[in-house]
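A quick write-up on the structure given underneath.
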Amino acid sequence: MKGFVMTNSNISEWIDLKAASIYASVSISWMRRQIESGKLRCARTGERGSKILVKKEWIDELLMGDTK
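Just so we're aligned, residue 36 is where the sequence shown starts under the working numbering, counting upward by one.
Put into structure tokens, the structure is as follows:
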């Protein structure tokens, strides 16, 4: 894109469950339960056994009770 400058403000950081649990000060199993119940959105890097990634903004939404 012409004239587009990529900055931290226009990209969201993807983090794995370990980093997400540290960020939220909760256990990894608590994060997994939130994902399984549909309360926390996530992305998977592939098929079964793939890495689960979340965005910090999604964690913030969950913790603030503002999930959609």
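Glycine residues also receive a C-beta, built at the ideal position from the N, C-alpha and C atoms. All of these numbers come straight from a predicted model, not from anything done at the bench.
Whole angstroms are fine: how far does the CA of residue 99 sit from the CA of residue 53?
Straight-line spacing of the CA atoms in residue 53 and residue 99 works out to 20 Å.
Cβ neighbours of residue 102 in the same chain (closer than 7 Å, five flanking residues each side left out)
Annotation note: pLDDT 47 at residue 102 (below 50); position unreliable, coordinate value reported separately. Answer for residue 102: 74 and 96, listed in chain order.
Within its chain, find whatever has a CB closer than 7 Å to the CB of residue 93; leave out the 5 residues flanking it on each side and keep chain order.
75 and 76
What separation, rounded to the nearest whole angstrom, lies between the Cα atoms of residue 61 and residue 87?
16 Å
How long is the line joining the alpha carbons of residue 63 and residue 82, rounded to whole angstroms?
About 20 Å.
Let me know if residue 55 comes out buried or exposed under the rule of 16 or more other beta-carbons within 10 Å of its beta-carbon.
buried
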